[in-house]
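A.B. asks: Input: one structure, supplied below.
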Amino acid sequence: DQGIWHPVAPRVFETNEEYIQWLRNEHAPTIGVDPNKAPVIGVVLQKSHINTKDDAHYVALIMEIEANGGLVLPIYTGSLDFSKPIEDYFFLNGRSVVDTTINLTGFALVGGPATQDHPKAIATLKKLNRPYLCAVPATFQTFEEWKDSELGLHPVQVALQVALPELDGAIEPIIFAGRDGVTGRSIPQSDRIETLAKRAIKWSNLSAKKNADKKVAITVFSFPPDKGNVGTAAYLNVFGSIFEALKTMKAEGYDLGAELPTDVEGLVDAVLHDKEASMASPTLNVAYSMSVAEYKELTPYAEDLEENWGPPPGQLNTDGQNLLVYGVRFGNVFIGVQPSFGYEGDPMRLLYAKSASPHHGFAAYYTYIEKVLEADAVLHFGTHGSLEFMPGKQVGMSGGCYPDRLIQSTPNLYYYAANNPSEATIAKRRSYANTISYLTPPAENAGLYKGLKEVGELISSYQGLRESRGASIVNSIVATARTCNLDKDVDLPSEDFDTAELTLDERDIIVGKVYSKIMEIESRLLPCGLHTVGVPPTAEEAIATLVNIASIDRPEDEIDGLPRILARSVGRDIEDIYRSANAGNLDDNLLSENIKEAIRAAVRASVERSTDAAGRVTEVNPMMASLGAVLGGGSPMLSALKKQGFDKVQDPDLEKLFGYLEFCLKQV
């Protein structure tokens, strides 16, 4: 029911030992490929196409990979569980024998279009630890329909053959075959197959090359286009992160030359300032000057851009004669500034012009990366640039779509903010990005300021003096609350009303409602600072993040949030406390605030066990194991909760929650 099939092999092989022997000793010499140097591409096929001889698209891709200097290990199965043949054929003596895997079935790895087993697929692919490309055969439309469509792939096909494989970790949804409108048989799409083969070879080379020989292009963004905006990205300390990445790359053997800056400021200066200028220059450092002749020779679609931008070099990223690539090179690592979109001053033109295109400078930048630098990979640094939003089909790029034309065969790694999966998905599908999520900065409570802070202080005074001076304090609370416009959200007495006419309970309700509103304002979450890739979080950053995580119920994992656990320990339901507090019950507002303080204290106690001398969390210690627990004193979290008055909480109540928090801290 499964095997290894090659179109020119004498038979179907049942073991990879036999196939590899034939591949190395007989086939590789025939096609002029050195089996000791050639990357091996594992290809997953559908048995039905082989049985019916509807295999022209498979044959075309195998031949193209071999024409580009690679070898192919093509496997098939009659079931919808493709993890089994991968386990059986892509490993030999416990080691992977492929450098990249391409799934040509159009299905998720396990389960087909109806039911998937993503955890099983992920376990298999993690063990394989190789790039996993999932190319797309057009099954819901003919080749002509796809070619003529502005959307590209049919939405149903996007859901079944792009989105579902992405849940396994698949990248690069390149359409490689279509259906003949008359015969219904598969037709290989030659230019797409060429793109797929070249990209698979490039991905394979990343694992085969020594780090010292790899060339890497790091791309930063500048939006809105201005020298002062270079290196901006959502929630990310871009240059600080790049500096950390460069330090790690140098330690791992990458060639960064002899002039690598010693600090972040030096790195910024190297990118921003033209070192050839005799005085402060308004332009960025020029890494490469590309003549118009070279640009035309290396950019086959350059003529297509002239309808919008005129003949090269145009008006952007040019000195009037040459096209300029801005950035700086350190050994084999190039840090470049992605050119502007070009339509910033006329966005309506981009919206309505069907012939919209990147400008010559934008095209020259990516031509430099692919053809001049010959980068082994490009790393787009942060959310987000313009490449993935260039004109073309939505999904299922053609050779005429600009994201495809620009990125060419260079593997694309893309740092994207974890809170923006929608646009990260656009980058994955349109620019063939392998996205790497970075954390948003920790969210802290907004806190109170000016008049709101004064209201909070008055409420604190009221709690101790409510029976003696309560009326005058409530009058001050009402007046100050009105000044802060809280009367737009809270029903307050009129300005000339004296609350001395109210009962104590009625005054408590007014104070409780105001207190509930300022607590809501104070607890609103705001991101603080910028995330730096490669730098462990400070204890305070970790605490801020975990406090928010600890406050959420996770019924799907049977984990109660800490507010619910603490409320239960005092015989209450947290939802009742919240409802009562919102209605103005002062006591429940105070209890709600006490629960928040207890959560922070418990999380702080757990995080401090993993904090180093510099105040950063570099190694996570088990949260539920401590000397205090061994000696009968309970965990640090339990002790912190008891100090806050929640003395009926027990370790078993906390075990699941803090086990999950420990997992989260490791991810942070």
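1 is the number of the first residue of the sequence shown in full-length UniProt numbering; add one for each residue after it.
Don't be surprised by glycine CBs; every beta carbon is placed ideally from N, CA and C.
(1) So what does DSSP say about N103, is it helix, strand or coil?
(2) I'd like the list of long-range same chain contacts for G447, defined as Cβ closer than 7 angstroms, with 5 residues on each side in sequence excluded.
(3) By DSSP's criteria, P10 is part of a beta bridge. Which residues make up the other side?
(4) Does the Cβ-Cβ distance between Y578 and V511 come in under 7 angstroms?
(5) With distances taken between CB atoms, is the gap from residue 702 to V607 smaller than 7 angstroms?
(6) What are the uninterrupted segments assigned as alpha helix (DSSP H) that are 4 or more residues long and contained completely in the region 83-141, given in chain order?
(7) For D585, count the other beta carbons within 10 Å of its own beta carbon; 16 or more makes it buried, fewer makes it exposed. Which is it?
(8) Return the CA-CA distance between G3 and V12, expressed in angstroms with no decimal places.
(9) Measure the Cβ-Cβ separation of L80 and G32 and say whether it is below 7 angstroms.
(10) Apart from the five residues just before and just after S437, which ones in its own chain have a Cβ nearer than 7 angstroms to its Cβ?
(11) In terms of DSSP beta bridges, what is F334 paired with?
(12) Leaving out the 5 sequence neighbours to the left and right, which residues in its chain are closer than 7 angstroms to V668 when beta-carbon positions are compared?
(13) Using CA atoms only, rank isn't needed, just tell me which of S422, P403, L413 and T425 is closest to S431.
(14) Sort W146, Q161 and L525 by Cα distance to G400 and report the nearest one.
(15) Apart from the five residues on each side of it in sequence, which residues of its chain come closer than 6 angstroms, Cβ to Cβ, to D180?
(16) With DSSP run on the structure shown, which of helix, strand or coil describes residue 675?
(17) Report buried or exposed for R554, applying the criterion of at least 16 other Cβ atoms within 10 angstroms of its Cβ.
(18) Roughly how many angstroms separate the alpha carbons of K126 and T195, rounded to a whole number?
(19) Over what stretch of residues does the alpha helix (DSSP H) that includes F362 continue unbroken?
(20) How far does the beta strand (DSSP E) with I187 in it extend, from its first residue to its last?
(21) Based on the DSSP output, what are the partners of R616 in its beta bridges?
(22) When DSSP builds the beta bridges, which residues end up paired with F239?
(23) In angstroms, rounded to a whole number, what distance separates the CA positions of S494 and C528?
(24) May I ask you to verify whether the region 48-60 touches the region 18-33, counting CB pairs closer than 8 angstroms and requiring at least 3?
(25) Look up M290 in the DSSP assignment and say whether it is helix, strand or coil.
(26) Ignore the nearest five residues each way along the sequence and tell me which others in I193's own chain have a CB closer than 7 angstroms to its CB.
(27) Give the C-beta separation of A598 and F663 to the nearest angstrom, bearing in mind that I take them to be a contact with Cβ-Cβ under 8 angstroms.
(28) Hey, L373 and K215 are a contact pair by Cβ (cut 8 angstroms); roughly how many whole angstroms apart?
(29) What separation, rounded to the nearest whole angstrom, lies between the Cα atoms of A550 and P563?
(30) Could you tell me the boundaries of the alpha helix (DSSP H) in which Q315 lies?
(31) Would Q46 be called buried (16 or more neighbouring beta carbons within 10 Å of its own) or exposed?
(32) Between which two residues does the alpha helix (DSSP H) carrying R405 extend?
(33) For the alpha helix (DSSP H) that R604 lies in, which residues bound it at each end?
(34) Determine, using beta carbons only, whether E244 and G534 come nearer to each other than 7 angstroms.
(35) Closest to S592 by CA distance: which of R616, E520 and Q116 is it?
(36) What residue range does the alpha helix (DSSP H) around V455 cover?
C.D. replies: Looking at the atomic coordinates:
(1) On the sequence shown, residue 103 is found 103 positions in, with the first residue counted as 1. Residue state, collapsed to three classes: strand.
(2) If you number the sequence shown from 1, residue 447 lands on position 447. E522.
(3) The residue given as residue 10 occupies position 10 in the sequence shown. Per DSSP, none; premise fails for P10.
(4) Position 578 of the sequence shown holds residue 578. Position 511 of the sequence shown holds residue 511. For Y578 and V511, no; Cβs fall outside 7 angstroms.
(5) Since the first residue shown for the chain is 1 and the last is 668, residue 702 is missing from the structure and cannot be characterised.
(6) 83-89 and 118-128
(7) Here the question's residue 585 lines up with position 585 in the sequence shown. Residue identity differs from the one stated: residue 585 is Asn in this sequence, not Asp. By the 10 Å Cβ count, N585 comes out buried.
(8) Stepping through the sequence shown from its first residue, residue 3 is reached at position 3. Stepping through the sequence shown from its first residue, residue 12 is reached at position 12. Cα-Cα distance, rounded: 6 angstroms.
(9) Walking along the sequence shown from the start, residue 80 turns up at place 80. Walking along the sequence shown from the start, residue 32 turns up at place 32. Not a contact, by the Cβ cut-off of 7 angstroms.
(10) By one-based count along the sequence shown, residue 437 stands at place 437. Same-chain partners within the cutoff: Y416 and A418.
(11) The residue labelled residue 334 in the question sits at position 334 within the sequence shown. Note: F334 sits in a beta bridge opposite A217 and R329.
(12) In the sequence shown, counting from the first residue as 1, residue 668 sits at position 668. For V668, where only same-chain residues beyond five positions count, the Cβ hits under 7 angstroms are L439, P537, A542 and T545.
(13) Within the sequence shown, numbered from 1, the residue matching residue 431 stands at position 431. Of the candidates S422, P403, L413 and T425, the one whose C-alpha sits nearest the C-alpha of S431 is P403.
(14) Locating residue 400 in the sequence shown gives position 400, where the first residue counts as 1. Selected option, being the one with the closest Cα: W146.
(15) For the purposes of this step, residue 180 is identified with residue 180 of the sequence shown, where counting begins at 1. Taken in chain order, the residues that qualify are I187.
(16) There is no way to answer for residue 675, as the model of the chain reaches only from 1 to 668.
(17) Start at 1 with the first residue of the sequence shown, and residue 554 comes out as number 554. R554 should be labelled exposed.
(18) Here residue 126 is taken as the residue at index 126 of the sequence shown, counted from 1. Here residue 195 is taken as the residue at index 195 of the sequence shown, counted from 1. Whole-angstrom Cα-Cα distance: 25 angstroms.
(19) For this step, residue 362 is matched to residue 362 along the sequence shown. From DSSP, the alpha helix (DSSP H) with F362 extends over H360 to T367.
(20) Stepping through the sequence shown from its first residue, residue 187 is reached at position 187. Segment S186 to P188, the beta strand (DSSP E) holding I187.
(21) Your numbering for residue 616 matches position 616 in the sequence shown. Looking at the DSSP assignment, R616 forms a beta bridge with T538.
(22) Counting from 1 along the sequence shown, the entry for residue 239 is found at position 239. Its beta-bridge partners do not exist; DSSP assigns none.
(23) What you label residue 494 is simply residue 494 of the sequence shown in a count that begins at 1. What you label residue 528 is simply residue 528 of the sequence shown in a count that begins at 1. Their Cα atoms are separated by approximately 38 angstroms.
(24) no
(25) Position 290 of the sequence shown holds residue 290. Looking at M290 - three-state DSSP - the assignment turns out to be strand.
(26) Within the sequence shown, the letter at position 193 stands for residue 193. If we look at I193 and ignore the five residues flanking it on each side, its Cβ neighbours are A60, L61, E64 and F176.
(27) As a first step, residue 598 must be located in the sequence shown, where it is residue number 598. As a first step, residue 663 must be located in the sequence shown, where it is residue number 663. Not confirmed; about 22 angstroms, so no contact.
(28) As a first step, residue 373 is located in the sequence shown; it is residue number 373 there, counting from the start. As a first step, residue 215 is located in the sequence shown; it is residue number 215 there, counting from the start. Rounded, the Cβ-Cβ distance is 6 angstroms, consistent with contact.
(29) Within the sequence shown, numbered from 1, the residue matching residue 550 stands at position 550. Within the sequence shown, numbered from 1, the residue matching residue 563 stands at position 563. The alpha-carbon atoms of A550 and P563 are separated by roughly 8 angstroms.
(30) As a first step, residue 315 must be located in the sequence shown, where it is residue number 315. Unbroken run through Q315: none, as it is neither H nor E.
(31) Your numbering for residue 46 matches position 46 in the sequence shown. The residue is buried, with at least 16 neighbouring Cβ atoms inside 10 Å.
(32) The residue you call residue 405 lines up with position 405 of the sequence shown. Start and end: Y402 to I407.
(33) Locating residue 604 in the sequence shown gives position 604, counting from the first residue. Run containing R604: L586 to V607, per the alpha helix (DSSP H) assignment.
(34) Sequence index remark: in the sequence shown, residue 244 carries index 244 (1-based). Sequence index remark: in the sequence shown, residue 534 carries index 534 (1-based). Cβ atoms of E244 and G534: closer than 7 angstroms.
(35) Translated into the one-based positions of the sequence shown, residue 592 becomes position 592. Closest by alpha carbon: E520.
(36) Along the sequence shown, one-based indexing puts residue 455 at 455. Looking at the DSSP string, the run of the alpha helix (DSSP H) that includes V455 is K450 to L465.
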